[in-house]
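What follows is a single structure, written as structure tokens, with notes after it.
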Amino acid sequence: MAKLVPLSAGNAGAVENLLDDAFGTDRQRRTAYLLRAGAAYIPQLSFGLSHDNRLIGSIQCWPMRLSGDDGHDAAMILVGPVAVAPDMQGAGYGHRLMNAMLDAAMMAGNPPLMMIGDAQYYGRFGFGADETGGWRLPGPVDAHRLLLRNPGGHILPICGALGPDIAD
Numbered sequence: 040m041a042k043l044v045p046l047s048a049g050n051a052g053a054v055e056n057l058l059d060d061a062f063g064t065d066r067q068r069r070t071a072y073l074l075r076a077g078a079a080y081i082p083q084l085s086f087g088l089s090h091d092n093r094l095i096g097s098i099q100c101w102p103m104r105l106s107g108d109d110g111h112d113a114a115m116i117l118v119g120p121v122a123v124a125p126d127m128q129g130a131g132y133g134h135r136l137m138n139a140m141l142d143a144a145m146m147a148g149n150p151p152l153m154m155i156g157d158a159q160y161y162g163r164f165g166f167g168a169d170e171t172g173g174w175r176l177p178g179p180v181d182a183h184r185l186l187l188r189n190p191g192g193h194i195l196p197i198c199g200a201l202g203p204d205i206a207d
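Heads up: the sequence shown is residues 40 to 207, going by this note's numbering.
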């Protein structure tokens, strides 16, 4: 059985190797990487799965800001990447990582969560693209893959630019 651990307790090199295996070595050119450039992941919402002293899964969350075209800004959290080692996929580890993060987010006041991902897969966790059509990112994204989960009912700009929320 895989053990859930805080991602901050692990080896950063192991996380990078896992992400390379899961998404390829060219992953850093993707829009999600551009979106969180310069931000540090949120330790309380980021987890790893360890099995036989091997990192087999990880989830990271990042502080974001939606700068509304109407002058209203909103803080939110970017979820991802969610990664499971290719040889361990299909065993429910992605679900386990998502549920651990969602439980931690609930304890943190249910902030709005957004991600770039497969709507069919992440829809089971309450994510959808209905409210994200007016959001701009620093790179290309298919509109149906820009997803939001907002169980706290936070008021968010309808139109605006997403970027990292970097503390000064």
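For each residue, glycine too, the CB sits at the ideal point set by N, CA and C.
Presumed contact (8 Å Cβ cut-off) between residue i and residue j, rounded CB distance
i: GLN99; j: TYR80; result: 4 Å
i: GLY7; j: ARG104; result: The chain is shown from 40 up to 207; residue 7 falls before or after that span and cannot be answered.
i: ASN138; j: PRO190; result: With a Cβ gap of about 14 Å, ASN138 and PRO190 do not count as contacting.
i: ILE95; j: MET140; result: Not a contact, Cβ separation roughly 16 Å.
i: LEU43; j: ARG163; result: Not really, about 19 Å apart at Cβ, beyond 8 Å.
i: ALA8; j: PRO179; result: Since the first and last residues shown for the chain are 40 and 207, residue 8 lies out of range.
i: HIS183; j: ALA158; result: 6 Å
Whether residue i touches residue j by CB criterion (8 Å)
i: GLY133; j: VAL121; result: yes
i: PRO82; j: ASP204; result: no
i: LEU46; j: SER97; result: yes
i: ILE155; j: GLY107; result: no
i: LEU84; j: ALA143; result: yes
Exposed unless 16 or more other CB atoms sit within 10 angstroms - verdict on residue i
i: MET146; result: exposed
i: THR64; result: exposed
i: PRO38; result: Examination of residue 38 is not possible in this model, given that the chain is present from 40 through 207 alone.
i: TYR161; result: buried
i: MET40; result: exposed
Beta-bridge pairing of residue i - partner residues as DSSP gives them
i: MET153; result: LEU117, LEU187
i: LEU43; result: LEU88
i: PRO203; result: MET103
Handout entry: Every unbroken beta strand (DSSP E) inside the stretch 94 to 148 [3 residues or more]
Key = 112 to 123, all fully within the stretch 94 to 148.
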